[in-house]
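Participant:
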Amino acid sequence: MRSTVVLTEVRNGLRRNLGLTVAVILTVLVAGVLGGLSFLLHEQVNVMKSYWYDKVEISVYLCGTDSVAPSCLGPNGTAQAVTDAQRRQIKADLLSLPQVKEVYYESKADAYKHFEEQFKGSPIAASAPPDSLPESFRVKLKDPKTFAAVTGAFTGRSGVEEVQDERQLLDKLFSALNGIQRGGLIIAALMVVSALLLIANTIRVAAFTRRRETGIMRLVGASNLSIQLPFLLESVVAAMLGALLAGGLLAALKAFLIDGILAPSFQFTPFFGWDSLWKAGALVLIASMLIAASASMVTLRRYLRI
Amino acid sequence: MIRFDNVTKLYPSQVRPAVDEVTLEIDKGEFVFLVGASGSGKSTLLRLMLREERPTGGSVHVLGKDLNRLSAWKVPALRRQMGTVFQDFRLLPNKSVFENVAFALEVIGKPRHTIAQVVPEVLELVGLAGKEGRRPDELSGGEQQRVAIARAFANRPLLLIADEPTGNLDPATSVGIMRLLDRINRTGTTVVMATHDAAIVDQMRKRVIELEGGHLVRDQSRGVYGYSR
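Chain order of the listed sequences is A and B. With the first letter of the first sequence counted as 1, position 186 gets the number 186 in the working numbering; the numbers rise by one all the way through. With the first letter of the second sequence counted as 1, position 5 gets the number 1005 in the working numbering; the numbers rise by one all the way through.
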């Protein structure tokens, strides 16, 4: 069959079945946005991981006068700041551990400076008094997984308020983000199922309304391909439109929400780039066209028997 | 051209076969009437020739092909050599006369210039010259059937299968349709026509094959519709 004939059939078919076509487009749109968002969230976690895992370390916070940990309390029950001797000894002991790569000291003043940098322009920066942040040793490990050796040796030691593995904090954040991503994927999967059923039903209706045409095509000896191709292309075109709209929405989200609002306000952390967005768009487009094509083929086999 | 060897067709969930052990042969260029009461198996026989149904037993050969062994993807090529006409015309109501005939050629991939040449020729042949732009609902029943015949004949088939083509037409119009089918037969096309119309069969004096309850009960060259009717 000539391609112009096929295209005319596809256009007529889409127009005749407009309501259902719009439903397919919208369902694919929602599924595509959800699926794309999950992918982008996954990309975001990866970007943050590679950025932060290099920077994180174990923090050994030292006691200050306002500490509440038992290891900081003096004999009279009030908090005592770490002494110079304790500080020297802790540093020496940290360096003696075989897992430790390097140790550096962050004073209260340094801590406040970093804090101010991170939250520049945010009201949080103004809210903290300069003295409120504890001094600490920052420990980089040769292998970040061996943090238990350090926490075990220094937790509860006098002069040490708390040993914190920042990686664990990050992992908590990442697992929360992963949870959201998985939830998004599940909802997207449900939307895919409804898109599948909707496409199948659309083709069933289309096959019924065009049974005269297809009956004649069969009788005059049109090939299976030329009978089924218009139906297949119709659903693929509808899915493609939905996917393109979904891609547009994701791009708008990236341009206005991420680049426009989030990135300027949260400069301390990186965000996924446009390359991730292109990947998400391509993924949504290919997946939705494949889904539409396979749903069509299964349905056509059933309703357009030759 | 067509050969049935001991062909039986039993539809699922039925006890009595629609066609029971039928053996017959139709040669190239013949004009054959298929007669019999409703439910005698005429339509099933035609559907077996078109490979719309497959026999439960026996073998069907059409145009040199054993339909039992013909793979599904070769069926369209077979059907391109056959034309079909039905009682209910089966025209597309939203297409003009020209477009209805052209559609049959478009969907089997005929190039545009061939279609532009063939369609007026075949419409001229069936006597519809000048009515190319009409819609089916602007035509009489006889004219609609002529469009259907034009569509069936446009690809110059070797075999024309007609299932009660005059069933919806008055006697005078039917005569016109029969003349047309006779003319097509004279071009060398084999015609197999199932019918209830005794007057037509008696008048044409062609070969008559009669079915009764799925059995072949009469095969007579230059026959009439029936003995007792």
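C-beta atoms are modelled at their ideal positions from N, C-alpha and C, and glycine is treated no differently.
Per DSSP, glutamine 89 of chain A forms a beta bridge with which residues?
Facilitator: Answer is none; glutamine 89 of chain A lacks a bridge partner.
Participant: Quick one: what's threonine 1084 of chain B bridged to in DSSP?
Facilitator: B/Ile1161
Participant: State the Cα-Cα distance for the pair alanine 1015 of chain B and lysine 1009 of chain B, rounded to the nearest angstrom.
Facilitator: Note on identity: in this sequence residue 1015 of chain B is valine, with alanine being the wrong assignment. C-alpha separation (whole angstroms): 11 Å.
Participant: Start and end of the alpha helix (DSSP H) containing histidine 1196 of chain B?
Facilitator: Here histidine 1196 of chain B belongs to no alpha helix (DSSP H), and DSSP marks it neither H nor E.
Participant: How about phenylalanine 1031 of chain B and arginine 1207 of chain B: are their beta carbons less than 8 Å apart?
Facilitator: yes
Participant: Does any C-beta atom of chain A lie closer than 8 Å to the C-beta of arginine 1183 of chain B?
Facilitator: no
Participant: Could you tell me whether the Cβ of valine 298 of chain A comes closer than 8 Å to any Cβ of chain C?
Facilitator: Of the protein chains in the structure, A and B, none is chain C.
Participant: By Cβ distance below 7 Å, which residues in the same chain neighbour arginine 204 of chain A in space, the five residues on each side in sequence not counted?
Facilitator: So the qualifying residues of the chain are Thr299, Tyr303.
Participant: Quick one: what does DSSP say serine 1228 of chain B is sitting in, helix, strand or coil?
Facilitator: Confidence in serine 1228 of chain B is poor, its pLDDT being 48 and thus under 50, which makes the residue's placement unreliable; the coordinate value appears in the next sentence. In the structure shown, serine 1228 of chain B sits in coil (DSSP, three-state: anything other than H, G, I, E or B).
Participant: Have a look at A/Ser175, A/His114, A/Pro98, A/Ala92 and flag the residue whose alpha-carbon is nearest the alpha-carbon of asparagine 46 of chain A.
Facilitator: A/Ser175
Participant: DSSP three-state label for glutamate 1053 of chain B, please.
Facilitator: coil
Participant: Quick test of your reading: isoleucine 58 of chain A and leucine 141 of chain A, contact by CB under 8 Å. State the CB separation rounded to the nearest angstrom.
Facilitator: 7 Å
Participant: Quick test of your reading: leucine 1048 of chain B and valine 1085 of chain B, contact by CB under 8 Å. State the CB separation rounded to the nearest angstrom.
Facilitator: 17 Å between Cβ atoms; not a contact.
Participant: Quick one: residues in its chain with C-beta nearer than 8 Å to the C-beta of aspartate 1219 of chain B, no 5 flanking neighbours on either side, listed in chain order?
Facilitator: Here the set comprises Leu1024, Arg1207, Val1208, Ile1209, Glu1210.
Participant: So for leucine 141 of chain A, helix, strand or coil by DSSP?
Facilitator: Correct three-state label for leucine 141 of chain A: strand.
Participant: Using a beta-carbon distance below 8 Å, is alanine 1150 of chain B in contact with chain A?
Facilitator: no
Participant: Looking at the structure shown, is valine 1062 of chain B part of a helix, part of a strand, or coil, going by DSSP?
Facilitator: Correct three-state label for valine 1062 of chain B: strand.
Participant: In three-state terms, what does DSSP make of leucine 1211 of chain B?
Facilitator: strand
Participant: Quick check: glutamate 213 of chain A and leucine 1216 of chain B, are their CB atoms within less than 8 Å of each other?
Facilitator: no
Participant: Quick check on DSSP: helix, strand or coil for aspartate 66 of chain A?
Facilitator: coil
Participant: Using 8 Å as the threshold, is the C-beta distance between lysine 1131 of chain B and valine 1175 of chain B below it?
Facilitator: no
Participant: Does chain A have any CB closer than 8 Å to the CB of phenylalanine 1103 of chain B?
Facilitator: yes
Participant: Please go through the same chain and pick out, in chain order, the residues whose beta-carbon is closer than 7 Å to the beta-carbon of glutamine 1087 of chain B, but skip the five residues on each side of it.
Facilitator: Asp1163, Glu1164, Pro1165, Gly1167, Asn1168
Participant: Residues of chain A with a CB under 7 Å from the CB of valine 1122 of chain B: which are they?
Facilitator: Neighbours of valine 1122 of chain B on chain A: none; closest Cβ ~13 Å, over 7 Å.
Participant: Starting from asparagine 12 of chain A and walking both ways along the alpha helix (DSSP H), at which residues does that stretch end?
Facilitator: 3 to 16
Participant: For proline 1136 of chain B, does the count of other Cβ atoms within 10 angstroms reach 16, so buried, or fall short, so exposed?
Facilitator: With 16 or more other Cβ atoms within 10 Å, it is buried.
Participant: Under a three-way DSSP split, which group does tyrosine 1011 of chain B fall into?
Facilitator: coil
Participant: Can you grab the Cα-Cα spacing for the pair glutamate 1231 of chain B / methionine 240 of chain A, in whole Å?
Facilitator: With chain B covering 1001 to 1229 only, the question about residue 1231 of chain B has no answer from this structure.
Participant: Please go through the same chain and pick out, in chain order, the residues whose beta-carbon is closer than 7 Å to the beta-carbon of valine 1122 of chain B, but skip the five residues on each side of it.
Facilitator: Val1101, Ala1150, Phe1153, Ala1154
Participant: Which class does isoleucine 1108 of chain B belong to by DSSP, given the choice of helix, strand or coil?
Facilitator: Coil.
Participant: From A/Ser158, A/Thr146, A/Pro230, pick the residue whose C-alpha is nearest to that of alanine 79 of chain A; which is it?
Facilitator: A/Ser158
Participant: Return the bridge partner residues of serine 136 of chain A from the DSSP annotation.
Facilitator: A/Tyr61, A/Glu106
Participant: At a Cβ cut of 9 Å, what residues of the segment 197 to 228 of chain A count as close to chain B, listed as they run along the chain?
Facilitator: The segment 197 to 228 of chain A vs chain B, Cβ under 9 Å: Arg212, Glu213, Gly215, Ile216, Met217, Arg218, Leu219, Val220, Gly221, Ala222, Ser223, Asn224, Ser226, Ile227.
Participant: Based on Cα-Cα distance, which residue from A/Gly183, A/Tyr104, A/Val139, A/Met191 lies nearest to glycine 167 of chain A?
Facilitator: One detail in the question is off: residue 167 of chain A reads as arginine in this sequence, not glycine. Closest by alpha carbon: A/Val139.
Participant: Under a three-way DSSP split, which group does lysine 172 of chain A fall into?
Facilitator: helix
Participant: Is it buried or exposed, glutamate 225 of chain A, if we count other Cβ atoms within 10 angstroms and call 16 or more buried?
Facilitator: The residue you asked about is not glutamate; residue 225 of chain A is leucine in the sequence shown. Result: exposed.
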